[in-house]
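See below for the structure under consideration.
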Amino acid sequence: MSSWQKLGEILQNKAVLPAQTITDALQRQQQDSQRLGQILLDHYDLSSHDLTWALAQQFGLDHFATLPADSGVAELVNRLPLEYLREQQIFPLRITDTSLLLAMTDPGNSLPINDLAALTERRVEICLAPVEEILRAINQAYAQQAGETDDLTPELDTAGDDLDTSLAPTDLLDSSDEAPIIRFVNGLLARACRERASDIHLEPFENEMIIRYRIDGVLYEILRPPPKARAAIISRIKIMAGLNIAEKRLPQDGRFRVRIAGGDVDVRVSSLPTAFGERLVLRLLEKSSSHIELTQIGLDQQLQQQIEQLIQQPHGIFLVTGPTGSGKTTTLYAALSRLNDQTKNIITVEDPIEYQLAGVGQVQVNPKIDLNFATGLRSILRQDPDIIMVGEIRDGETAEIAVQSALTGHMVFSTLHTNDAAGALTRLLDMKIEPFLVSSAVTGILAQRLVRKLCPDCRESYQPGTELIRHFDGLLQHSNHPFYRSQGCETCQQIGYRGRTGIYELLLLTDEIRELLMAGADATTIRQAAQKSGMRSLREDGLKKAEAGETSLEEVLRVTQIDS
71 MSSWQKLGEI
81 LQNKAVLPAQ
91 TITDALQRQQ
101 QDSQRLGQIL
111 LDHYDLSSHD
121 LTWALAQQFG
131 LDHFATLPAD
141 SGVAELVNRL
151 PLEYLREQQI
161 FPLRITDTSL
171 LLAMTDPGNS
181 LPINDLAALT
191 ERRVEICLAP
201 VEEILRAINQ
211 AYAQQAGETD
221 DLTPELDTAG
231 DDLDTSLAPT
241 DLLDSSDEAP
251 IIRFVNGLLA
261 RACRERASDI
271 HLEPFENEMI
281 IRYRIDGVLY
291 EILRPPPKAR
301 AAIISRIKIM
311 AGLNIAEKRL
321 PQDGRFRVRI
331 AGGDVDVRVS
341 SLPTAFGERL
351 VLRLLEKSSS
361 HIELTQIGLD
371 QQLQQQIEQL
381 IQQPHGIFLV
391 TGPTGSGKTT
401 TLYAALSRLN
411 DQTKNIITVE
421 DPIEYQLAGV
431 GQVQVNPKID
441 LNFATGLRSI
451 LRQDPDIIMV
461 GEIRDGETAE
471 IAVQSALTGH
481 MVFSTLHTND
491 AAGALTRLLD
501 MKIEPFLVSS
511 AVTGILAQRL
521 VRKLCPDCRE
531 SYQPGTELIR
541 HFDGLLQHSN
551 HPFYRSQGCE
561 TCQQIGYRGR
571 TGIYELLLLT
581 DEIRELLMAG
591 ADATTIRQAA
601 QKSGMRSLRE
611 DGLKKAEAGE
621 TSLEEVLRVT
631 QIDS
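If you use my numbering, the sequence shown corresponds to residues 71 to 634, in order.
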């Protein structure tokens, strides 16, 4: 039998951590009275995978970098509270007639071992796994459990007239509340998150209510709850959002936050009185800890390099344009994440703040106290910023301050609602900004749309018809090039698409474009000049992605019809 090794010795011998780090951690342990492994995790950048491996070596246990697929433990998981599994950081892997295999992070924690031995009347064997992997398995198991009870409409049909609308549980997947309305709304939210819906629409009509999800930009009908439950469903959601349930004649806006499968989701609620009752729209914003990078939004290598050069300029305005829901804010967040470091002071003014960016000062617009984009931007300028993001340029006052900021040494990011990149320049002129100021301040304009990506599991190649090809006349280099479509499968819920990516056109302010701007040229003339200089249009970029099999020709046409 080998002699007992200390945790620090194992990590040092395998060159996971240097000797000095172990010494420093042991000195900190004398002051903090914490376990050495936790100190190394918190203060010395030891990964949970390396800690799990070292503990497995120390205790002579098996360890898993990734946990195996479900092996018939769903019934046992359903008997255990979600918070108990998370608190103890355990997950059952396999159960037989005589034994239970339990994955855990801390082999010295005997409490769950004794609990499960008593609960299952079996011998408990343990193995180790990283904490992230255990939490992932817990969330996945409870999400599958919630999926089995998505359609709770029968419960509403059989429920009594007194439908309870009490407050929400902490985590919707851990809800043990038996009230039909609470279970229905919780299931509605959990299913929306699992199917990646961005919005939930509850639409009342004369004799029914229709509930639809917006998935990848397109609305799909999900279910029609019984008429008698309509008022209770609306009241339940209004209570969660902090709205006045007695006020049914005026529009109201609210928000709430829930936890679903361990992830925080912000839900913005808008109510609108209609002829047959209140119409609700819920916007779901998942608070992800990971931020989207420029490499993840569908830019090709050349376009990405051009944008990185633009955003790293010391001053100027970089604009992103497109209709509502085209991913403009996400692109700006990706740009800010690329620039965010300790040497720069970055401040934003947004409506709303959709994602939290660590190290960035974010200001929420509040019209009730006269804090709009213009007043917020003025205040930001007194905070010595290097980079400023304005959520949207909506009026001449905001545009004027943004231009002056760019001309006085600040880098300004913002969005405009225009159909293409050239239209953004004429929009600024319409806001009474002088042409020479626009040509001096603006460095580049990115127009974008979002197209749905073909499901890789059911994608197949085909030869499109001549009528479809005709819409791309002059853009196709090879008329017999194979394209792709999807028929729908279980992975994509029979839709044929899963996820979205961007298509882009980037207008650079060249000397020729500046001359046209100063001469009062219209958007069409500017656009034609930019294309002659090498600008690829939205439809051309979409066609390139369709040729690569990322999306379909029909999807490219759908989002670029207005630009044709």
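All C-beta atoms in this analysis are idealised placements derived from N, C-alpha and C, irrespective of residue type, glycine included.
How many angstroms separate the CA atom of residue i from the CA atom of residue j?
| i | j | result |
| --- | --- | --- |
| residue 101 | residue 94 | 11 Å |
| residue 67 | residue 81 | The chain is shown only over 71 to 634; residue 67 falls outside these bounds and no answer can be derived. |
| residue 457 | residue 442 | 19 Å |
| residue 78 | residue 174 | 20 Å |
| residue 307 | residue 354 | 13 Å |
| residue 531 | residue 619 | 8 Å |
| residue 406 | residue 383 | 13 Å |
| residue 567 | residue 365 | 21 Å |
| residue 401 | residue 500 | 25 Å |
| residue 489 | residue 521 | 15 Å |
| residue 559 | residue 253 | 28 Å |
| residue 280 | residue 305 | 16 Å |
| residue 534 | residue 541 | 12 Å |
| residue 131 | residue 164 | 16 Å |
| residue 296 | residue 207 | 35 Å |
| residue 136 | residue 129 | 19 Å |
| residue 612 | residue 395 | 17 Å |
| residue 591 | residue 598 | 11 Å |
| residue 46 | residue 120 | The first residue shown for the chain is 71 and the last is 634, placing residue 46 beyond what the model contains. |
| residue 150 | residue 133 | 23 Å |
| residue 404 | residue 145 | 42 Å |
| residue 106 | residue 99 | 6 Å |
| residue 323 | residue 193 | 54 Å |
| residue 376 | residue 340 | 39 Å |
| residue 536 | residue 543 | 10 Å |
| residue 583 | residue 628 | 29 Å |
| residue 593 | residue 498 | 11 Å |
| residue 251 | residue 440 | 38 Å |
For residue i versus residue j, is the C-beta spacing smaller than 9 Å?
| i | j | result |
| --- | --- | --- |
| residue 391 | residue 515 | yes |
| residue 338 | residue 325 | yes |
| residue 199 | residue 122 | yes |
| residue 473 | residue 387 | yes |
| residue 570 | residue 502 | no |
| residue 423 | residue 412 | no |
| residue 75 | residue 127 | yes |
| residue 352 | residue 342 | no |
| residue 511 | residue 600 | no |
| residue 596 | residue 608 | no |
| residue 462 | residue 485 | yes |
| residue 389 | residue 330 | no |
| residue 617 | residue 555 | no |
| residue 147 | residue 155 | yes |
| residue 111 | residue 176 | no |
Leaving aside the five residues before and after residue i along the sequence, list all residues of the same chain whose C-beta is less than 7 Å from its C-beta, in chain order.
| i | result |
| --- | --- |
| residue 410 | 416, 427, 429 and 430 |
| residue 262 | 270, 283 and 354 |
| residue 266 | 285 |
| residue 202 | 118 |
| residue 278 | 294 and 297 |
| residue 610 | 545 |
Give me, in chain order, the residues of the same chain whose beta-carbon lies closer than 8 Å to that of residue i; leave out the 5 immediate sequence neighbours on both sides.
| i | result |
| --- | --- |
| residue 282 | 270, 271, 273, 289, 290, 291 and 292 |
| residue 480 | 385, 451, 455, 456, 457 and 458 |
| residue 195 | 169, 170, 171 and 172 |
| residue 447 | 419, 458, 460, 468, 471, 472 and 475 |
| residue 378 | 364 and 408 |
| residue 231 | Unreliable placement is indicated for residue 231, whose pLDDT of 49 sits below 50; the coordinate value is still reported in the next sentence. Around residue 231: 298. |
Within a Cβ cutoff of 6 Å, which residues of the same chain sit near residue i, ignoring the five residues on either side of it in sequence?
| i | result |
| --- | --- |
| residue 153 | none |
| residue 83 | none |
| residue 564 | 558 |
| residue 562 | 525 and 568 |
Exercise for the section: Mind listing, in chain order, the continuous alpha helix (DSSP H) runs of no fewer than 4 residues lying wholly within the segment 501-534? Expected result: The segment 501-534 contains these whole alpha helix (DSSP H) runs: 505-511.
Handout entry: Any beta strand (DSSP E) of 3 or more consecutive residues that is wholly inside the segment 144-206
Key = The qualifying runs are 160-165, 169-174 and 193-198.
Practice task
Would you mind listing the beta strand (DSSP E) stretches within the segment 245-284 that are 3+ residues and don't spill past its ends, in chain order?
Solution key: Segments of the beta strand (DSSP E) lying fully in the segment 245-284: 267-274.
Practice task
Indicate whether the contact test is met: 3 or more Cβ pairs, each with one atom in the segment 599-608 and one in the segment 576-586, closer than 8 Å.
Solution key: Yes, the segment 599-608 is in contact with the segment 576-586.
Exercise for the section: Could I get the ranges of all uninterrupted beta strand (DSSP E) runs contained in the segment 78-123, with 3 residues as the minimum, in chain order? Expected result: For the segment 78-123, not a single whole beta strand (DSSP E) run of length 3 or above is found.
Practice task
Entirely within the segment 436-491 and at least 3 residues each: give me those beta strand (DSSP E) ranges in chain order.
Solution key: The segment 436-491 contains these whole beta strand (DSSP E) runs: 457-460 and 481-486.
Problem - Minimum length 3: unbroken beta strand (DSSP E) runs contained in the segment 318-384 - result: With a minimum length of 3 residues, the continuous beta strand (DSSP E) runs that stay inside the segment 318-384 are 322-330, 333-344 and 347-356.
Handout entry: Ranges of the beta strand (DSSP E) found wholly within the segment 526-600, counting only runs of at least 3
Key = 529-532, 553-556 and 567-578, all fully within the segment 526-600.
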